[in-house]
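Just so you know, the sequence shown maps onto residues -36 to -1, 1 to 433 in mature numbering (1 follows the signal peptide of the UniProt record, and there is no 0). We put the beta carbon where it would ideally sit given N, CA and C, even for glycine. Everything numeric in this text was worked out from a predicted model, so none of it was measured.
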Amino acid sequence: MSTEIRAIRAARRGAVSAIIAAVALPAFAFTAPAQAATGQPATTQSSTSQSATVQTAGAQLPAMRTAAAADTVGQIAKGLMDSRLYVTGEAGDVLSAADQNEVKNALAGASDADIRAVVVSNSVSSAEVGQMLKSVANRVGEGETYLAVTADGSRMNGISKKLSSSEINQLVTRTNGAPLKDRLVQFSDLAEKKADENARSSAIGGFVTLSVLILLAVGVSGLFLVSRKRQRVRAEQEMADLKNGVQEDVTLLGEDIAQLDLNVMDKELEPEIRSDYEHAMNSYDEAKRATARATRPHDMQDVTTALEDGRYYMTATRARLAGEPVPERRAPCFFNPQHGPSVEDVMWAPPGGTARSVPACAADAEALRLGSAPDVRMVPYGGGRRPYWDAGPAYGPYAGGYYRGYGGIDMLSGLMVGTMLGSMMGGFGGYGGGDAMGGFGGDGGDVGGGWDFGSGDFGGGGFGDFGGF
């Protein structure tokens, strides 16, 4: 074999060895240039370097295994999405495959308690358990109870929406002292029984509450129906009284217009008189039509608006016929809108009330100056008669229509302070106008949303650090 062939084969063997070393130990780089500088043969330098590298890697493998065993919250959550039991790397091989199957079957059988369990390191602290359970439950997004137990089975704690913190503590205490597998199985059985008891108690309590609520609802409905009937009867009576009162005003305006006894076809009748008279008649006709179609108090506002307009033009017609000045268009007499437009404002106070300025006709103004009572409009109310401002809320639209063109409610609210309508004036407007489960605050924080956290066997803490959590 020639010298060139032997050299090529030696070079190939060195290259293969380098590739194998690089693939087997990717975390530790292998290089030869520094050794080549010593002047030794390439094959010798390669063998020496490979041996040193293997020794170094062998010394660091335990550390690599320790780091890999530190499970993260994400890993635990992912494991519990497919299984009800998760054993962390730090806990070690504390449960055989058969034991794990037995625990999983027990956990699956606790369907009401809906438990997911995590086996953790013996060195875990109380704070770390709480944070881990909340974070894992938040990521899994389902399950009612989460349980953490140390690898030696000596410490256990849980978080639940089905069990209270005191109930968790009781179950933890009852299973204390049992081996890991037995403790998990016992806790599952006890938790399921407790969840069933709570469900039955809740159902009984709910039934009793529902029965009471039904009885209350029946009673309230009965009272409501009786009250509605009384209100309906009262409203019907008030509407009947109001309609009678309005019809009195309409009839009186018709009689006053008829007394004018005018023939609008008379060619000698002055155009102004004819115009005012026809205006009064048209408004009177509109008031009659509005009264006929009225079905609620609010509808009467249109009636009295037409009555105010018709009465003014009737008064103007009468003044023209008598050769007197046409009266100023002012708000109707406050004491009795049937009197027509007012001529001045006078001071008046209702019984027990404060004095205020109100519009009055000439006759009522004179009566007040003489110390007499004005001629007040008395309307039908409850089988008797009262001043329209003390005859209940149904007469609110009645008054509002008469004063619609003179400030409406704003004016009336000042005029009727201290009267029944005044106290109800405010009501006359109606006549004219990230966390999947909700209970966990991120990867920590306080428990909420119905979760109870028992102190369990982890109360007091001080168990050291908890690896990768």
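For a quick check, are the C-beta atoms of residue i and residue j less than 8 Å apart?
i, j, result
"residue 339", "residue 321", "no"
"residue 174", "residue 214", "no"
"residue 385", "residue 360", "yes"
"residue 301", "residue 291", "no"
"residue 127", "residue 158", "yes"
"residue 299", "residue 341", "yes"
"residue 109", "residue 155", "yes"
"residue 67", "residue 44", "no"
"residue 263", "residue 254", "yes"
"residue 207", "residue 251", "no"
"residue 116", "residue 144", "yes"
"residue 283", "residue 289", "yes"
"residue 202", "residue 358", "yes"
"residue 209", "residue 343", "yes"
"residue 281", "residue 249", "no"
Could you compute how far the alpha carbon of residue i sits from the alpha carbon of residue j?
i, j, result
"residue 225", "residue 190", "53 Å"
"residue 180", "residue 265", "41 Å"
"residue 268", "residue 188", "35 Å"
"residue 379", "residue 337", "17 Å"
"residue 204", "residue 194", "15 Å"
"residue 87", "residue 62", "26 Å"
"residue 362", "residue 261", "8 Å"
"residue 51", "residue 60", "11 Å"
"residue 37", "residue 119", "20 Å"
"residue 91", "residue 84", "13 Å"
"residue 244", "residue 279", "9 Å"
"residue 186", "residue 196", "15 Å"
"residue 297", "residue 184", "47 Å"
"residue 107", "residue 172", "29 Å"
"residue 112", "residue 103", "16 Å"
"residue 238", "residue 354", "39 Å"
"residue 39", "residue 101", "12 Å"
"residue 274", "residue 230", "21 Å"
"residue 372", "residue 319", "20 Å"
"residue 382", "residue 242", "39 Å"
"residue 307", "residue 323", "7 Å"
"residue 227", "residue 313", "44 Å"
"residue 72", "residue 78", "8 Å"
"residue 236", "residue 365", "26 Å"
"residue 130", "residue 69", "26 Å"
"residue 105", "residue 96", "14 Å"
"residue 160", "residue 200", "57 Å"
"residue 76", "residue 34", "32 Å"
"residue 74", "residue 94", "22 Å"
"residue 137", "residue 151", "10 Å"
"residue 220", "residue 182", "57 Å"
"residue 377", "residue 317", "14 Å"
"residue 163", "residue 135", "17 Å"
"residue 287", "residue 370", "28 Å"
"residue 277", "residue 192", "44 Å"
Could you tell me the boundaries of the beta strand (DSSP E) in which residue i lies?
i, result
"residue 34", "No beta strand (DSSP E) holds residue 34; DSSP gives it neither H nor E."
"residue 311", "308 to 312"
"residue 235", "Unbroken run through residue 235 is the alpha helix (DSSP H), 235 to 257; no beta strand (DSSP E)."
"residue 81", "79 to 84"
"residue 324", "320 to 324"
"residue 51", "49 to 51"
Using the rule of at least 16 other Cβ atoms within 10 Å of the residue's Cβ for burial, across every protein chain shown, is residue i buried or exposed?
i, result
"residue 311", "exposed"
"residue 232", "exposed"
"residue 54", "buried"
"residue 121", "buried"
"residue 234", "exposed"
"residue 65", "exposed"
"residue 391", "Low confidence applies here, because residue 391 scores a pLDDT of 43, under 50, leaving its location unreliable and the question unanswered by this model."
"residue 334", "exposed"
"residue 356", "buried"
"residue 216", "exposed"
"residue 346", "exposed"
"residue 99", "buried"
"residue 41", "buried"
"residue 80", "buried"
"residue 329", "buried"
How would you write the range of the alpha helix (DSSP H) that residue i sits in, first residue to last?
i, result
"residue 229", "Here residue 229 belongs to no alpha helix (DSSP H), and DSSP marks it neither H nor E."
"residue 376", "372 to 379"
"residue 349", "Residue 349 -> not in any alpha helix (DSSP H); beta strand (DSSP E) instead, spanning 348 to 351."
"residue 345", "No alpha helix (DSSP H) contains residue 345, which is instead part of the beta strand (DSSP E) from 342 to 345."
"residue 360", "360 to 366"
"residue 290", "From DSSP, residue 290 is part of no alpha helix (DSSP H); its letter is neither H nor E."
"residue 73", "61 to 73"
Length-filtered (3 minimum) beta strand (DSSP E) runs lying within the segment 99 to 181: 109 to 114, 120 to 124
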